[in-house]
Amino acid sequence: MHMEKIDVVERESFRDHPATVDAKGKRNWVYAQKPKGRWYSLRSYISWGFFLLFFSMPFVSMNGQPFFLFNIPAARFILFGKIFWPQDFFIFGLTMVTFIIFVVLFTAAFGRLFCGWVCPQTIFMEMLFRKVEYLIEGDAAQQKLLAKAPWTGKKIARKSAKHGAFYLLAFIIANTFLAYIIGVRSLGKIITEPVTEHIGGLFSIMGFSAVFYGVYAYFREQVCTTICPYGRLQGVLLDRNSMVVAYDYKRGEPRGKFTKKKETAPAGDCIDCFQCVKVCPTGIDIRNGTQMECVGCTACIDACNHMMEKTGRQPDLIRYASENGISAHEPLRYTLRMKLYTGLLTLLVVILSALLLSRKDVDATVMRAPGMLFQERGADSLSNLYVIKIANKTVHSVPLQVRLEGQPGQVQIIGGTVIPVKREDEGAGNFFVVLPRRVLSGRKTPIRLGLYEGGKKIDEIRTNFLGPVPGNGD
Ligand code: SF4
Ligand code: SF4
18 MHMEKIDVVE RESFRDHPAT VDAKGKRNWV YAQKPKGRWY SLRSYISWGF FLLFFSMPFV
78 SMNGQPFFLF NIPAARFILF GKIFWPQDFF IFGLTMVTFI IFVVLFTAAF GRLFCGWVCP
138 QTIFMEMLFR KVEYLIEGDA AQQKLLAKAP WTGKKIARKS AKHGAFYLLA FIIANTFLAY
198 IIGVRSLGKI ITEPVTEHIG GLFSIMGFSA VFYGVYAYFR EQVCTTICPY GRLQGVLLDR
258 NSMVVAYDYK RGEPRGKFTK KKETAPAGDC IDCFQCVKVC PTGIDIRNGT QMECVGCTAC
318 IDACNHMMEK TGRQPDLIRY ASENGISAHE PLRYTLRMKL YTGLLTLLVV ILSALLLSRK
378 DVDATVMRAP GMLFQERGAD SLSNLYVIKI ANKTVHSVPL QVRLEGQPGQ VQIIGGTVIP
438 VKREDEGAGN FFVVLPRRVL SGRKTPIRLG LYEGGKKIDE IRTNFLGPVP GNGD
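Just so you know, we're using this note's numbering here: the sequence shown kicks off at 18 and counts up by one.
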């Protein structure tokens, strides 16, 4: 009984402090061994696609405008070539709500798939900076030796080369990042024009470069294990049915060193080689179970599969599985719950896409001029004066026409035949609607106004036409 208690305490001791902090509170630097295998290759291919998109997207434009722009200081956003204004705030609100629901459902079903496969932090760290580090300092063992070695010329040269390369990459990422915020044209001006004209821009580039350099040269896995709020939420988002990178303890335990003698070989498949720990970029031992520090990078799956193959055992001792799947010894299934979540997520994305696609490029509001009732227009007609306010979200100016829809009468725009609205600007105008008395249906007659640009209908607005109170002799 006592021995059992000690065993449990030892087994649970990994919970006492984060894997990257030692008992004295000092950082345990993670020297992750380079993974090799099917999953790592697949992640490398995906990362190339990511890099291609990330570095090329700011240069893609549509109708002379960037395809994507997130100019937060100027509250100007362009998504898929469409300009979004502060008036489109509800779409952003809905996007945020959809995003949060998406994150919750996706994580509940598929665990940290996002972190391991598409999170920019993981991709830049593992697929760019870490690879450069392997190239300059060698694999984990050589890196460790170099770190312990005295500061000889060789060490200084290697460290300088690594940090020089890191800063250069951080500088390129910072410039690209800034291009997403201010656009490539503005970035080009900062780079080519005299520094004195772009002090703010220069500080932004240097600031972003310093942050990216600091993150990838020093902070590294700490971003995922201590800073990222999504990582911190794993404890509440995951359950026993979530798909995670998991160690099959039923098959692996009792673990023991590999031996060819059958009689002394341990019953479990885990040969306690620690390869899964050595490749882990967050420094954890996945055999302790699902942990918040695990970013689902699959490196331990590859490492363990390699060992299984070398020792003639079945692969996938570590694999994508749910806790329930491991305890019941079942392969991962696309469960009804996952199907439901996927259906719901698809529905949300469809609704949001429909909203984005149906969003109007020209937004108009029409109100009757305050304090005015109606005006007599000869013996048989009346008029109402209206005020129109227009937001032109396109990159071309819009000469707006207003027409009455589906009923006799006419629209008279004050000061011309169209209301001109400049590109990416707001405009306003006044117009009369003149209706024959015979079409009035009481004090308020509903009317429809068509908004046209060059003969093409772009919107329709419903409002009321105010007439005399029936029976009062008017
Ligand atoms: S435990 Fe495995 S999947 Fe999780 S971070 Fe470490 S190596 Fe990646
Ligand atoms: S790599 Fe596989 S066999 Fe080796 S310690 Fe990890 S789980 Fe056990």
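Glycine included, every Cβ here is placed at the ideal spot set by N, Cα and C. Predicted, not measured: the structure shown is a model, and the values here were computed from it.
query, result
"Proximity of cysteine 311 and threonine 328 at Cβ, strictly below 8 Å", "no"
"Min CB distance lysine 176 to chain B below 8 Å", "Included in the structure is just one protein chain, with no chain B present."
"Cut-off 8 Å between Cβ atoms - residues of its own chain near glutamate 443, not counting five sequence neighbours on either side", "Lys406, Ile407, Ala408, Asn409"
"Alpha-carbon spacing of leucine 373 relative to serine 226, whole angstroms", "34 Å"
"Of the residues Phe97, Ile117, Leu69, Asn88, the one placed nearest proline 103, counting alpha carbons only", "Asn88"
"Exposure label - alanine 345; buried when at least 16 CB within 10 Å", "exposed"
"Proximity below 8 Å, CB of valine 412 to CB of glycine 81", "yes"
"Spatial distance of threonine 480 from valine 419 (CA atoms)", "13 Å"
"Start and end residues, beta strand (DSSP E) containing proline 52", "Run containing proline 52: none; DSSP gives neither H nor E here."
"Length of the line joining the Cα atoms of valine 121 and leucine 254", "6 Å"
"Cβ distance (whole Å) where isoleucine 140 is taken to contact serine 64 below 8 Å", "5 Å"
"Collapsed DSSP secondary structure at phenylalanine 275 in the structure displayed", "coil"
"Heavy atom of ligand 2 within 7 Å of glutamine 308 beta-carbon", "no"
"Assigned secondary structure, glutamate 470 (DSSP; H/G/I helix, E/B strand, else coil)", "strand"
"Tyrosine 264 beta carbon near ligand 2 (any heavy atom closer than 7 Å)", "yes"
"Own chain partners of phenylalanine 229 with C-beta closer than 6 Å, once the 5 adjacent residues on each side are dropped", "Ala187, Ile190, Ala191"
"Closest residue to arginine 237 among Met324, Phe391, Met142 (Cα-Cα distance)", "Met142"
"Opposing strand residues paired with glycine 306 [DSSP bridges]", "Per DSSP, none; premise fails for glycine 306."
"Contact test: glycine 313 Cβ vs ligand 1 heavy atom, cutoff 7 Å", "yes"
"Anticipated Cβ contact below 8 Å, arginine 304 with tyrosine 264, distance rounded", "5 Å"
"Lysine 290 vs methionine 324 beta-carbon contact at 8 Å", "As written in the sequence, residue 290 is cysteine, which differs from the lysine given in the question. Yes, the Cβ-Cβ distance between cysteine 290 and methionine 324 is below 8 Å."
"Residue of Val450, Leu421, Glu470 minimising C-alpha distance to lysine 439", "Glu470"
"Burial state of glutamate 150, where buried means 16 or more other Cβ atoms lie within 10 Å", "buried"
"Simplified DSSP assignment, three categories, for valine 120", "helix"
"Beta strand (DSSP E) segments (min. 3 residues) lying fully within the region 101-155", "none"
"N-terminal and C-terminal residue of the beta strand (DSSP E) that serine 398 is part of", "398-409"
"Ligand 1 heavy atom lying under 7 Å from the CB of proline 246", "no"
"Cβ neighbours of proline 425 in the same chain (closer than 8 Å, five flanking residues each side left out)", "Leu452, Pro453, Val456"
"Residue range of the unbroken alpha helix (DSSP H) whose run includes threonine 193", "170-199"
"As assigned by DSSP and simplified to three states, the class of glutamine 331", "coil"
"Ligand 1 heavy atom lying under 7 Å from the CB of proline 332", "no"
"N-terminal and C-terminal residue of the alpha helix (DSSP H) that leucine 219 is part of", "216-231"
"Assigned secondary structure, leucine 457 (DSSP; H/G/I helix, E/B strand, else coil)", "coil"
"Neighbourhood of threonine 115 by C-beta distance below 8 Å, restricted to the same chain and skipping five residues each side", "Leu365, Val366, Ile368, Leu369"
"Run of the alpha helix (DSSP H) containing methionine 355, from where it starts to where it stops", "353-374"
"For valine 419, the first and last residue of its enclosing beta strand (DSSP E)", "415-422"
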